[in-house]
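Per our numbering: the sequence shown = residues 354 to 788.
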Amino acid sequence: MIVRAPIVLAVALVAAVGALTGVAATSQDTTAAYTATTSNRSTATTVGDYAVTGLPFRDSFAGGQGAWRTYGGSWTTQTRFGYGTLTETSGSSDGPKAVTGDPAWTDYTMQADVQVNSGTDAGLLVRVTGPGTGANAFTGYSIGLGLGENALSIDRTANGATTRLAQSTIPGTLRNGQFYHLVVQAAGCGITAWSSTVGANDWTRVSVSESSADCLTTGAIGLRGNGSAAGYRFVTATAGALAPSLASDPWNSTLSTGRFEDGAPARVYGGTWAIDQQEERIRSTAYANSGDKQVLNRTWGDMTLTGDVRLMRAPRSGTDAGFLVRVDDPSTGIDSMRAYSVGITRTGMTIGEHRNPGFAGTFVPFGRTVQAGEWWHLTVEAVGCTITATASPADGGTPVQGRADFGACSLRTGAVGIREQGTEAEWRNIAVTPR
């Protein structure tokens, strides 16, 4: 993730990074609402004024309710360890919901941690249009976590009527107060959803393919309780989704259980590492200045990785920290692997390819200096031979996006990982979804 002779790209400029890197790259601003300070307007009847037109979208709730419109219920935010939780406390029977996003969004992935605090039923909404106050006052798909039925379900609501489309039993016993990670992907007329206890990756999957006459093809995102008080955190929406016929599962970080793994423990290459279970973060505590990294044991193809990273020392030239995707043949050393990387630096982010040996990449400026201890949210999308990265201060700020096209690449599958070069760093809220 350290760039040799970087090419600096201006915002909205499209540039070919010629013979020096062999990479074509773009850089542009995006307009997603990252904990914007918009006030709550629960009387709104449409979602057209959310000012959220771009994906990826992420809200940490650390800055308050942001661009979410609420319909019924009593909503509040609380910040702890630098990230927030949006909580509906009434548990009323009119299906309290909070909605944001663009009603023109089509195929995308939404995910969040959901905590049912009282009652038995809460979850996520996708492809939402026409929201209002009332249990069935919206059109869209709801993905419900049902503690009474111990199940994950997909419902369609349209014209005031709700239809159960699919349901899967979740093994074990669901509990009030426990956070569960929910993922839902909308692709064409197919909806696929997963649930897992946070930190466990014990996935339950449910999917449905609707007829073209019944399916809802566009809409915003939402959070919803059904006669239940509930909390929500780490909400993201990213472009692209998995066809229901494919079976690849997501992955969610296991840091709350004191582990960083996917089945087998992650492979460690250099440095010293520690996990804080309470704050759900992993830290590189002593760096060997050799591209210290941890790599999971699962292979991915097209995928999206989301997560937060921060540099724990004042950034200086030649230092960075971030994420790896499509990792192959890793070992200890700065470029000792075949992989793509996205790293936060002192003034921007790098997007590049480690070629074992060698590195090729580009630099995307932020227009300001990154501060020590400042969390940044990263979304890394690997689709074909193109790597797209979007970065924003995790507690609110304008996202910046860069894209690198690696041409006729041979590196199309591999693991994911975390990496720092020349600095102590921390990571949290890491999730991977298939594309």
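Using N, Cα and C, we set each Cβ at its ideal position, and we do this for glycine too.
Distance between residue j and residue i (C-alpha atoms, nearest Å)
{"i": "residue 750", "j": "residue 788", "result": "27 angstroms"}
{"i": "residue 711", "j": "residue 590", "result": "34 angstroms"}
{"i": "residue 612", "j": "residue 659", "result": "18 angstroms"}
{"i": "residue 488", "j": "residue 448", "result": "4 angstroms"}
{"i": "residue 565", "j": "residue 757", "result": "35 angstroms"}
{"i": "residue 609", "j": "residue 629", "result": "8 angstroms"}
{"i": "residue 747", "j": "residue 697", "result": "13 angstroms"}
{"i": "residue 742", "j": "residue 408", "result": "11 angstroms"}
{"i": "residue 647", "j": "residue 445", "result": "45 angstroms"}
{"i": "residue 702", "j": "residue 434", "result": "24 angstroms"}
{"i": "residue 661", "j": "residue 558", "result": "26 angstroms"}
{"i": "residue 584", "j": "residue 471", "result": "10 angstroms"}
{"i": "residue 593", "j": "residue 561", "result": "17 angstroms"}
{"i": "residue 625", "j": "residue 512", "result": "56 angstroms"}
{"i": "residue 798", "j": "residue 604", "result": "In the structure displayed, the chain extends from 354 to 788; residue 798 sits before or after that span and is not available."}
{"i": "residue 481", "j": "residue 666", "result": "43 angstroms"}
{"i": "residue 736", "j": "residue 669", "result": "31 angstroms"}
{"i": "residue 765", "j": "residue 616", "result": "22 angstroms"}
Residue burial classification, residue i (beta-carbon count within 10 angstroms, cutoff 16)
{"i": "residue 410", "result": "buried"}
{"i": "residue 774", "result": "buried"}
{"i": "residue 439", "result": "buried"}
{"i": "residue 500", "result": "buried"}
{"i": "residue 508", "result": "buried"}
{"i": "residue 599", "result": "exposed"}
{"i": "residue 555", "result": "exposed"}
{"i": "residue 516", "result": "exposed"}
{"i": "residue 539", "result": "buried"}
{"i": "residue 390", "result": "With a pLDDT of 27 at residue 390, under the threshold of 50, the modelled position of that residue is not reliable, and no figure is offered here."}
{"i": "residue 379", "result": "Annotation note: pLDDT 45 at residue 379 (below 50); position unreliable, no value reported."}
Cβ separation of residue i and residue j, assumed to be a contact under 8 angstroms, to the nearest whole Å
{"i": "residue 649", "j": "residue 772", "result": "At roughly 12 angstroms, the Cβ-Cβ gap does not stay under 8 angstroms, so residue 649 and residue 772 are not in contact."}
{"i": "residue 475", "j": "residue 453", "result": "Actually they are not in contact, since the Cβ atoms of residue 475 and residue 453 sit about 17 angstroms apart, beyond 8 angstroms."}
{"i": "residue 569", "j": "residue 675", "result": "Between residue 675 and residue 569 the Cβ distance is about 36 angstroms, and since that is not below 8 angstroms, they are no contact."}
{"i": "residue 575", "j": "residue 441", "result": "Actually they are not in contact, since the Cβ atoms of residue 575 and residue 441 sit about 12 angstroms apart, beyond 8 angstroms."}
{"i": "residue 427", "j": "residue 443", "result": "4 angstroms"}
{"i": "residue 425", "j": "residue 462", "result": "The Cβ separation is near 27 angstroms, so there is no contact."}
Assigned secondary structure, residue i (DSSP; H/G/I helix, E/B strand, else coil)
{"i": "residue 722", "result": "coil"}
{"i": "residue 609", "result": "helix"}
{"i": "residue 463", "result": "strand"}
{"i": "residue 494", "result": "strand"}
{"i": "residue 422", "result": "strand"}
{"i": "residue 752", "result": "coil"}
{"i": "residue 640", "result": "coil"}
{"i": "residue 790", "result": "Outside the displayed span of the chain (354 to 788) sits residue 790, for which this structure offers no information."}
{"i": "residue 563", "result": "coil"}
{"i": "residue 590", "result": "strand"}
{"i": "residue 569", "result": "coil"}
{"i": "residue 576", "result": "strand"}
{"i": "residue 696", "result": "strand"}
{"i": "residue 414", "result": "coil"}
{"i": "residue 380", "result": "Residue placement at residue 380 is flagged as unreliable, the pLDDT there being 43, under the threshold of 50; the coordinate-derived value follows with that caveat. Looking at residue 380 - three-state DSSP - the assignment turns out to be strand."}
{"i": "residue 779", "result": "strand"}
{"i": "residue 444", "result": "coil"}
{"i": "residue 773", "result": "strand"}
{"i": "residue 434", "result": "coil"}
{"i": "residue 596", "result": "coil"}
{"i": "residue 582", "result": "strand"}
{"i": "residue 685", "result": "coil"}
{"i": "residue 541", "result": "coil"}
{"i": "residue 529", "result": "coil"}
Residues bridged to residue i [DSSP beta-bridge criterion]
{"i": "residue 631", "result": "According to DSSP, which records beta bridges pairwise, residue 631 is partnered with nothing at all."}
{"i": "residue 618", "result": "614"}
{"i": "residue 787", "result": "656"}
{"i": "residue 740", "result": "735, 757"}
{"i": "residue 790", "result": "The structure shown does not extend to residue 790, since the chain is modelled only from 354 to 788, so the question has no answer here."}
{"i": "residue 507", "result": "496, 519"}
{"i": "residue 729", "result": "662, 746"}
{"i": "residue 673", "result": "774"}
{"i": "residue 475", "result": "498, 578"}
Proximity test, residue i beta-carbon vs the ligand MG heavy atom, cut-off 7 angstroms
{"i": "residue 631", "result": "This structure lacks the ligand MG, and indeed carries no ligand of any kind."}
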